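Structure, as C-alpha coordinates:
In my numbering, the protein residues as written are 200 to 357.
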(Lines of atoms letter the chains of each structure in order from A and count residues from 1; the text may use other names and numbers.)
(Lines give C-alpha, C1' and ligand atoms only; values in the text may rest on other atoms or scores of the structure.)
Protein backbone atom coordinates (compact mmCIF):
# COMPACT_ATOMS: atom_id res chain seq x y z
CA UNK A 1 0.00 0.00 0.00
CA UNK A 2 1.45 3.43 -0.92
CA UNK A 3 2.63 5.65 1.95
CA UNK A 4 -0.08 8.29 1.38
CA UNK A 5 -2.87 5.74 1.63
CA UNK A 6 -1.28 4.19 4.74
CA UNK A 7 -1.04 7.64 6.29
CA UNK A 8 -4.68 8.41 5.46
CA UNK A 9 -5.75 5.02 6.82
CA UNK A 10 -3.81 5.67 10.04
CA UNK A 11 -5.40 9.12 10.40
CA UNK A 12 -8.90 7.68 10.13
CA UNK A 13 -8.03 4.79 12.47
CA UNK A 14 -6.70 7.22 15.08
CA UNK A 15 -9.74 9.48 14.74
CA UNK A 16 -12.16 6.58 15.17
CA UNK A 17 -10.14 5.38 18.17
CA UNK A 18 -10.52 8.84 19.71
CA UNK A 19 -14.28 8.86 19.19
CA UNK A 20 -14.50 5.31 20.57
CA UNK A 21 -12.55 6.42 23.65
CA UNK A 22 -15.08 9.20 24.26
CA UNK A 23 -18.05 6.87 23.82
CA UNK A 24 -16.50 4.27 26.12
CA UNK A 25 -15.31 6.63 28.86
CA UNK A 26 -17.58 9.68 28.84
CA UNK A 27 -21.13 9.25 30.10
CA UNK A 28 -22.09 12.71 28.86
CA UNK A 29 -21.00 11.77 25.34
CA UNK A 30 -23.37 8.80 25.49
CA UNK A 31 -26.18 11.06 26.77
CA UNK A 32 -25.64 13.47 23.86
CA UNK A 33 -25.59 10.57 21.39
CA UNK A 34 -28.85 9.11 22.71
CA UNK A 35 -30.63 12.47 22.71
CA UNK A 36 -29.39 13.15 19.17
CA UNK A 37 -30.56 9.72 18.02
CA UNK A 38 -34.05 10.26 19.47
CA UNK A 39 -34.26 13.68 17.81
CA UNK A 40 -33.33 12.16 14.46
CA UNK A 41 -35.79 9.28 14.93
CA UNK A 42 -38.70 11.58 15.72
CA UNK A 43 -37.80 14.34 13.26
CA UNK A 44 -39.82 12.89 10.32
CA UNK A 45 -43.01 13.62 12.27
CA UNK A 46 -42.17 17.33 12.14
CA UNK A 47 -41.71 17.57 8.35
CA UNK A 48 -38.51 19.57 8.69
CA UNK A 49 -37.17 21.45 5.70
CA UNK A 50 -33.70 20.74 4.33
CA UNK A 51 -32.42 23.84 6.11
CA UNK A 52 -33.98 22.71 9.41
CA UNK A 53 -32.39 19.27 9.03
CA UNK A 54 -29.07 20.96 8.37
CA UNK A 55 -29.47 23.00 11.57
CA UNK A 56 -30.43 19.87 13.52
CA UNK A 57 -27.48 17.85 12.22
CA UNK A 58 -25.01 20.69 12.76
CA UNK A 59 -26.33 21.21 16.29
CA UNK A 60 -25.93 17.53 17.15
CA UNK A 61 -22.45 17.54 15.62
CA UNK A 62 -21.53 20.70 17.55
CA UNK A 63 -22.43 19.12 20.89
CA UNK A 64 -20.56 15.89 20.09
CA UNK A 65 -17.58 17.93 18.87
CA UNK A 66 -17.56 20.00 22.07
CA UNK A 67 -17.65 16.83 24.18
CA UNK A 68 -14.72 15.29 22.30
CA UNK A 69 -12.66 18.48 22.61
CA UNK A 70 -13.52 18.64 26.32
CA UNK A 71 -12.29 15.06 26.74
CA UNK A 72 -9.06 15.85 24.89
CA UNK A 73 -8.43 18.94 27.02
CA UNK A 74 -9.07 16.98 30.22
CA UNK A 75 -6.67 14.24 29.08
CA UNK A 76 -3.88 16.73 28.34
CA UNK A 77 -4.43 18.50 31.67
CA UNK A 78 -4.38 15.17 33.52
CA UNK A 79 -1.13 14.32 31.78
CA UNK A 80 0.51 17.57 32.89
CA UNK A 81 -1.03 18.15 36.32
CA UNK A 82 0.11 15.35 38.61
CA UNK A 83 -1.43 17.03 41.67
CA UNK A 84 -4.13 19.60 42.31
CA UNK A 85 -3.52 22.79 40.39
CA UNK A 86 -5.93 25.72 40.27
CA UNK A 87 -5.06 26.49 36.63
CA UNK A 88 -5.76 22.86 35.72
CA UNK A 89 -9.15 23.16 37.42
CA UNK A 90 -9.88 26.36 35.50
CA UNK A 91 -8.92 24.70 32.21
CA UNK A 92 -11.20 21.75 32.88
CA UNK A 93 -14.05 23.98 34.06
CA UNK A 94 -13.81 26.21 30.99
CA UNK A 95 -13.79 23.20 28.65
CA UNK A 96 -16.83 21.76 30.44
CA UNK A 97 -18.47 25.18 30.23
CA UNK A 98 -18.04 25.13 26.45
CA UNK A 99 -19.95 21.84 26.34
CA UNK A 100 -22.66 23.35 28.55
CA UNK A 101 -23.04 26.32 26.18
CA UNK A 102 -23.36 23.98 23.19
CA UNK A 103 -25.84 21.73 25.00
CA UNK A 104 -27.94 24.76 26.00
CA UNK A 105 -27.92 25.95 22.38
CA UNK A 106 -28.97 22.45 21.30
CA UNK A 107 -31.89 22.55 23.74
CA UNK A 108 -33.00 25.90 22.31
CA UNK A 109 -32.73 24.56 18.75
CA UNK A 110 -34.67 21.46 19.81
CA UNK A 111 -37.38 23.63 21.35
CA UNK A 112 -37.67 25.75 18.21
CA UNK A 113 -37.77 22.75 15.87
CA UNK A 114 -39.83 20.33 17.94
CA UNK A 115 -42.15 22.22 20.26
CA UNK A 116 -45.38 21.76 18.36
CA UNK A 117 -47.98 20.43 20.82
CA UNK A 118 -50.24 19.03 18.10
CA UNK A 119 -47.36 17.06 16.56
CA UNK A 120 -46.20 15.83 19.96
CA UNK A 121 -49.74 14.61 20.68
CA UNK A 122 -49.84 12.93 17.27
CA UNK A 123 -46.59 11.09 18.06
CA UNK A 124 -48.06 9.76 21.30
CA UNK A 125 -51.21 8.64 19.49
CA UNK A 126 -49.09 7.08 16.74
CA UNK A 127 -47.03 5.08 19.23
CA UNK A 128 -50.20 3.79 20.93
CA UNK A 129 -51.96 2.93 17.67
CA UNK A 130 -48.91 1.32 16.00
CA UNK A 131 -47.99 -1.19 18.66
CA UNK A 132 -44.80 -2.36 16.97
CA UNK A 133 -43.33 1.15 16.97
CA UNK A 134 -44.67 1.82 20.45
CA UNK A 135 -43.04 -1.38 21.63
CA UNK A 136 -39.73 -0.43 19.98
CA UNK A 137 -39.84 2.96 21.65
CA UNK A 138 -40.59 1.49 25.08
CA UNK A 139 -37.80 -1.07 24.70
CA UNK A 140 -35.38 1.64 23.56
CA UNK A 141 -35.81 3.64 26.78
CA UNK A 142 -34.24 1.14 29.23
CA UNK A 143 -31.69 0.12 26.59
CA UNK A 144 -30.69 3.77 26.28
CA UNK A 145 -30.39 3.98 30.05
CA UNK A 146 -28.17 0.90 30.15
CA UNK A 147 -26.02 2.33 27.34
CA UNK A 148 -25.68 5.67 29.11
CA UNK A 149 -25.07 4.52 32.67
CA UNK A 150 -23.56 1.04 32.41
CA UNK A 151 -21.50 1.09 29.21
CA UNK A 152 -18.83 -0.17 28.78
CA UNK A 153 -19.84 -3.53 30.08
CA UNK A 154 -16.79 -4.52 32.08
CA UNK A 155 -16.92 -8.21 32.83
CA UNK A 156 -14.59 -9.22 35.65
CA UNK A 157 -12.54 -12.29 34.97
CA UNK A 158 -11.94 -14.59 37.93
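Note that beta-carbon positions come from the ideal geometry of N, C-alpha and C, so glycine has one too.
Because the structure is a prediction, the values reported are computed rather than measured.
| Query | Result |
| --- | --- |
| Short Cβ contact (8 Å threshold) for residue 212 with residue 346 | no |
| Nearest-angstrom Cα separation, counted from residue 286 out to residue 232 | 30 Å |
| Chain-order list of residues whose beta-carbon lies under 8 Å from that of residue 226 (same chain, five-residue window excluded) | 347 and 348 |
| Buried versus exposed call for residue 266 [16 or more other C-beta atoms within 10 Å across all chains shown] | buried |
| Helix, strand or coil at residue 201 [DSSP, three-state] | coil |
| Between the CA atoms of residue 323 and residue 272 - distance to the nearest angstrom | 41 Å |
| Exposure label - residue 207; buried when at least 16 CB within 10 Å | exposed |
| Assigned exposure category for residue 219 - 16 Cβ within 10 Å defines buried | exposed |
| DSSP state of residue 225 mapped onto helix, strand, coil | coil |
| Where residue 259 falls, given that 16 or more other Cβ within 10 Å makes a residue buried | buried |
| CB contact flag (residue 269, residue 295, <8 Å) | yes |
| Within 8 Å, strictly: CB atoms of residue 320 and residue 336 | no |
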